[in-house]
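Right, one structure below, let's go through it.
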Amino acid sequence: MTVPPLLSLRDISVRFGSVTALDRVDLTVDAGEVRAVLGENGAGKSTLMNVVYGLLSPDQGSMQWNGAATSLRGPQEAHALGIGMVHQEFALVDALSVAENLAEAVDERGWLVDYDGVFEQAEARAAELGLALAPAEARVGDLPVGARQRIEILKAMLTEVRLLILDEPTAVLTPAETEQLFAVLRGLRDRGVAILLITHKLREVIELADTVTVLRRGRVVAQRSARDSSERDLAELMVGSLSPDQARAEPAPAGPVPVLRARRLACAAESGAPALDDASAEVGAGEILGIAGVDGNGQQPLFEIVSGLRAPTSGSLEIDGTTCSVFSPGAMLDAGVSIIAPDRRRQGAVLEMRVWENAILDTALLRAHSSAASLDRDGATAFASDLIDRYSIVCDGPDATAASLSGGNLQKLIVARALATAPRLLVAFNPTRGLDIGAARAVHTALRAVAEQGGGVLLLSTDLDEVLGLSHRVAVLSRGRLSAPVAPPYDRRQIGLLMGGGDRPEAA
Amino acid sequence: MTIETAGAIAVAAVAMATPLLYAAIGELISEKSGIVNIGLEGFLLLGAFSAFAVSHASGSNLAAIAVALACGAVCGLGFAYLVVVRRGNQIVVGTGLNLFAVGLTGMLYRAQFGVTGSALSVPPTASIRVPLLADLPILGRALFDQTALGYLCLILVPLTAFLLRRSRTGLHLRMAGENPRAAAIQGVDVRRVRIAAVTACGTLCAAGGAFLAVDYTHTFVEGMSAGRGFIALAIVIVGRRHPLGVLVAALFFGFATALQFHFQALAFDIPFQFFLILPYAATLAVLAINAGDSNAPAALGRD
């Protein structure tokens, strides 16, 4: 066989200032091959994909497409070759409609846009791929994250794609949706499309990929067949060495007064966000209550109510025995609630500000590090340095901007801040979305620490493994209704049924 | 109130709304692309002065308007260079442009025409009368007996709405203003889109200024834009960044101004300055009621 690979990268190096993001990396993909790219945050996966997609030109190295030397000057040139990309932080315009977001992804380039035609084309393609598509007129920003991702995937596949890059595509999907996506990807592979899959979920590498390239600190540490690898091998290649994850949690003894008591909370659907319907739950002191469910089934309104971002239309909420009368983030913080918001870059931190400023972005911490007239900058810097050490946050010190932190390190900072006030209740919503194993474990350890110190944790997560692995009890949200909680040992099948909107368990 | 009076108020209302509408539509286009141009006032003045100077020298108002538009386009391009290419702060550059325009037009006016005391006048621009329609009561003369710039302004509203909603350029404009990163990934040249939008804004503002000088007042007075650029900024917000909303808001302000003229003419026993306040106070009141600016493009004013 002398057929050249579809894509071949040789000796690619990328440097940002003094940091070497990629160091003489080689990568090849054949038509009809699924190649996984594994690596910790900061290992250079995204940088490598940006090179392939034409968003970044390498300082050194060469790229060949179908055996011919190529250099890409932008994503348009990548599109023209047939390279599509599904971005992890979606490249969607929230304020525009579904049809408007798809309009640039089709081949047609008239001066007027035929939005109906675009949407028809998209619907046909979606049906072919087995993807559910939101209505043409829906505002993309109002859609749940899973639906947004399907638009993002569809956008990459509206034109003839020969190489599809997916950056952590399953981070927000349920097991069933993941299976569906994989079926789509296998279908594409069988038609000769090459797929580059960035993921940190080892099981998915073994399940889907033919070959795997492991990156560590900008270097390729292994290129091998995925089928001959075990999860353990891959994990070790990726992070060097691994300590075993902690054993599954046991049910915690309930305290006399629950930390959180929600009674019959309800709120109306709001511009595309689903309603919450008669949700009741209790979180005991020292307990982690997991809320499982498919994204978009009421997690958002529940999270917003408990974090004080919006008031319920009916029902009541008690924190530590005190009924909440004012629903504002400040009131909730004062009541002892700490928040880990789902979108760490938009809601969890102020990216333009420095690490030490972000470290005290909490009413109590701010009070502790300021006088009436001024910030105690030295104190806050020392405080931030302490958090950086204790949580192994990789950054250029307290004066680095939050924007310069990788996703995992930013999340560690946010978690560190949430724990610094010794919260009575910690509300975490998809706290490890898109994080690599190391960072995800650090977050899990922190959630357990809150419970061990007698606080309660309300864990809303669309990652079922995470919910089952951490929670003392699990309830399921489906179409705005919250099931009665179940205790371990968990029956995955039963919980899966509840997530799909099946029968609620008999009242025990 | 007689029909004649109502008709006269309508004529004044539309005429007062026209320069505002030009500036506001220009600003709307610029803001949709993500650039705040608070230099509208300066662009209006530059347009007014260049139209006046050319009309005075050549006697041709067509040439005057053409030069004013060109002048607005060039200054718009300059503004775009500073804020889009050089990434200058949009508020600082806009403020600078306003001050620069006041100084430049004032200096050129005095250098060219001296301080005469009485204003020089230029020949009025011929209006185009639509037969029959212009005879309609009240709105007939206001809408169907206008200059070319007056008609063009009204056509601009549905045209802008259509282009924003249906054209590819309109889509690129909105993408650039809402999420420049996503736009760039889709292959949209965000810088080019923004430069074009700001240039269009400068050109439209200059058209408004030219209307003010050669179509409406037939003269030039230092600082004659009289805050219209800032009113236009408010109109864009009150009009919810939609061309039709902007039209309604501009007509509202035009009407308030026309009414003020009428009240002054009635010679109530109230100092005339109070009437002068009326349109501005009305704008403030509407702004206060419509305080929310929730539909601003997500990337507005950032880089």
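Chain order of the listed sequences is A and B. Numbered by this note's numbering, the letters in the first sequence go through residues 2 to 509 in order. Numbered by this note's numbering, the letters in the second sequence go through residues 39 to 341 in order. Backbone N, C-alpha and C fix where the C-beta goes; we use that ideal spot for every residue, glycine too.
task: Give the straight-line distance between the Cα atoms of Leu318/A and Ala263/A, rounded to the nearest whole angstrom.
output: Locating residue 318/A in the first sequence gives position 317, counting from the first residue. Locating residue 263/A in the first sequence gives position 262, counting from the first residue. Using only the alpha carbons, I get a separation of about 5 Å.
- request: With a cut-off of 8 Å on the beta carbons, I'd call Leu411/A and Ala350/A a contact; round off their distance for me.
  value: As a position in the first sequence, residue 411/A is number 410, starting the count at 1. As a position in the first sequence, residue 350/A is number 349, starting the count at 1. At roughly 6 Å, the Cβ-Cβ gap stays under 8 Å, so Leu411/A and Ala350/A are in contact.
Contacts of Val94/A in chain B (Cβ-Cβ under 7 Å): Counting from one through the first sequence, the residue named residue 94/A turns up at place 93. Here the neighbours are Met213, Glu216, Asn217, Ala220.
task: Name, going along the chain, the residues of the region 66 to 81 of chain B whose beta-carbon falls closer than 8 Å to a beta-carbon of chain A.
output: none
- prompt: CB-CB under 6 Å to Arg36/A, same chain, minus the five flanking residues each way: which ones, in chain order?
  reply: Here residue 36/A corresponds to residue number 35 of the first sequence, with the count starting at 1. So the list reads Val30, Leu197, Thr212, once near-sequence residues are dropped.
query: According to DSSP, what are the bridge partners of Gly291/A?
result: Your numbering for residue 291/A matches position 290 in the first sequence. Note: Gly291/A sits in a beta bridge opposite Leu460/A, Val475/A.
- prompt: For Ser339/A, which beta-bridge partners are listed by DSSP?
  reply: Residue 339/A sits at position 338 when you count from the first residue of the first sequence. Ser339/A pairs with Leu427/A.
- request: For chain A, find out if any of its Cβ atoms is closer than 8 Å to the Cβ of Ala336/B; answer yes or no.
  value: Residue 336/B sits at position 298 when you count from the first residue of the second sequence. Cβ-Cβ to chain A under 8 Å: yes for Ala336/B.
field: alpha helix (DSSP H) segment containing Leu146/B, residue limits
entry: The sequence position of residue 146/B within the second sequence is 108, counting from 1. Unbroken alpha helix (DSSP H) run through Leu146/B: 128 to 151.
- request: At 9 Å on the CB atoms, spell out the chain B contacts of Trp112/A, in chain order.
  value: What you label residue 112/A is simply residue 111 of the first sequence in a count that begins at 1. Simply Ser205, Arg206, Thr207.
query: Measuring CB to CB, does Phe182/B end up less than 8 Å from Val168/B?
result: If you number the second sequence from 1, residue 182/B lands on position 144. If you number the second sequence from 1, residue 168/B lands on position 130. Their beta carbons are under 8 Å apart, which means Phe182/B touches Val168/B by this criterion.
query: Roughly how many angstroms lie between the CA atoms of Ala365/A and Ala220/B, to the nearest whole one?
result: The residue labelled residue 365/A in the question sits at position 364 within the first sequence. The residue labelled residue 220/B in the question sits at position 182 within the second sequence. One C-alpha to the other measures close to 37 Å.
- request: Quick one: residues in its chain with C-beta nearer than 6 Å to the C-beta of Ser88/B, no 5 flanking neighbours on either side, listed in chain order?
  value: For the purposes of this step, residue 88/B is taken as the residue at position 50 of the second sequence. These residues qualify, in order along the chain: Val105, Ala106, Cys109.
Delimiting residues of the alpha helix (DSSP H) encompassing Val451/A: Here residue 451/A refers to the residue found at position 450 when the first sequence is read from its first residue. 438 to 453 is the span of the alpha helix (DSSP H), which, as asked, contains Val451/A.
- request: Can you grab the Cα-Cα spacing for the pair Leu28/A / Ser58/A, in whole Å?
  value: The residue given as residue 28/A occupies position 27 in the first sequence. The residue given as residue 58/A occupies position 57 in the first sequence. Those two C-alpha atoms are separated by around 16 Å.
query: When you compare each of Ala157/A, Gly147/A, Leu113/A to Leu82/A by their alpha carbons, which one comes out closest?
result: Along the first sequence, read from residue 1 onward, the residue named residue 82/A stands at position 81. The shortest Cα separation from Leu82/A among Ala157/A, Gly147/A, Leu113/A belongs to Ala157/A.
query: From what residue to what residue does the alpha helix (DSSP H) around Ile41/B run?
result: If you number the second sequence from 1, residue 41/B lands on position 3. It spans 41 to 70 - the alpha helix (DSSP H) in which Ile41/B sits, taken as one unbroken run.
query: Just how far apart, CA to CA, sit Ile84/A and Ala210/A?
result: Within the first sequence, residue 84/A is the residue found at index 83, counting from 1. Within the first sequence, residue 210/A is the residue found at index 209, counting from 1. So the two alpha carbons sit approximately 18 Å from each other.
message: To the nearest angstrom, how far is the alpha carbon of Gly18/A from that of Arg229/B?
response: Sequence index remark: in the first sequence, residue 18/A carries index 17 (1-based). Sequence index remark: in the second sequence, residue 229/B carries index 191 (1-based). Gly18/A and Arg229/B: Cα-Cα distance of roughly 25 Å.
- prompt: Under a three-way DSSP split, which group does Phe17/A fall into?
  reply: By one-based count along the first sequence, residue 17/A stands at place 16. Looking at Phe17/A - three-state DSSP - the assignment turns out to be strand.
- request: Look up Asp321/A in the DSSP assignment and say whether it is helix, strand or coil.
  value: As a working mapping, residue 321/A is identified with position 320 in the first sequence. Three-state result, Asp321/A: coil.
Beta-carbon contacts of Pro317/B that lie in its chain and below 7 Å, excluding the five residues immediately before and after: Your numbering for residue 317/B matches position 279 in the second sequence. Around Pro317/B: Phe291, Ala294, Thr295, Gln298.
- request: Can you pull the chain A residues whose beta carbon is under 8 Å from the beta carbon of Gly225/B, in chain order?
  value: Residue numbering aside, residue 225/B sits at position 187 when the second sequence is read from its first letter. Correct list: Gly75, Pro76, Gln77, His80, Glu105.
field: Val30/A in three-state terms, based on DSSP
entry: Locating residue 30/A in the first sequence gives position 29, counting from the first residue. Correct three-state label for Val30/A: strand.
query: What's the gap between the Cα of Leu459/A and the Cα of Arg474/A?
result: Numbered from 1 along the first sequence, position 458 holds the residue referred to as residue 459/A. Numbered from 1 along the first sequence, position 473 holds the residue referred to as residue 474/A. Near 10 Å, if we compare the C-alpha coordinates of Arg474/A and Leu459/A.
task: Would you mind telling me which residues of chain B sit closer than 7 Å to Glu101/A, beta carbon to beta carbon, in chain order?
output: Along the first sequence, read from residue 1 onward, the residue named residue 101/A stands at position 100. Within chain B, the residues near Glu101/A are Leu209.
task: Please specify which runs of the alpha helix (DSSP H), each continuous and at least 4 residues long, are wholly inside the region 336 to 385 of chain A, giving them in chain order.
output: 356 to 360, 364 to 369
message: Alpha carbons only, please: which of Tyr54/A, Thr463/A, Arg480/A, Thr433/A is nearest the one belonging to Arg345/A?
response: Taking the first sequence and counting its residues from 1, the one referred to as residue 345/A is at position 344. The shortest Cα separation from Arg345/A among Tyr54/A, Thr463/A, Arg480/A, Thr433/A belongs to Thr433/A.
- prompt: Taking the continuous alpha helix (DSSP H) assigned at Cys109/B, which residues delimit it?
  reply: Counting from one through the second sequence, the residue named residue 109/B turns up at place 71. That run of the alpha helix (DSSP H) goes 99 to 118.
message: Excluding the 5 residues flanking Gly64/B on each side, which residues of the same chain have their C-beta closer than 6 Å to its C-beta?
response: Your numbering for residue 64/B matches position 26 in the second sequence. Taken in chain order, the residues that qualify are Cys239, Leu242, Cys243.
field: the region 399 to 427 of chain A: positions lying closer than 7 Å to chain B by Cβ
entry: none
task: Tell me, please, which residues DSSP counts as bridged to Ile166/B.
output: Counted from its first residue, the second sequence places residue 166/B at position 128. Bridge partners of Ile166/B: Gln184/B.
query: Taking just the CA atoms, how far does Ala270/B sit from Glu42/B?
result: On the second sequence, residue 42/B is found 4 positions in, with the first residue counted as 1. On the second sequence, residue 270/B is found 232 positions in, with the first residue counted as 1. Those two C-alpha atoms are separated by around 29 Å.
Continuous alpha helix (DSSP H) stretch holding Cys239/B: start and end: Numbered from its first residue, the second sequence carries residue 239/B at position 201. Element bounds for Cys239/B: 228 to 248.
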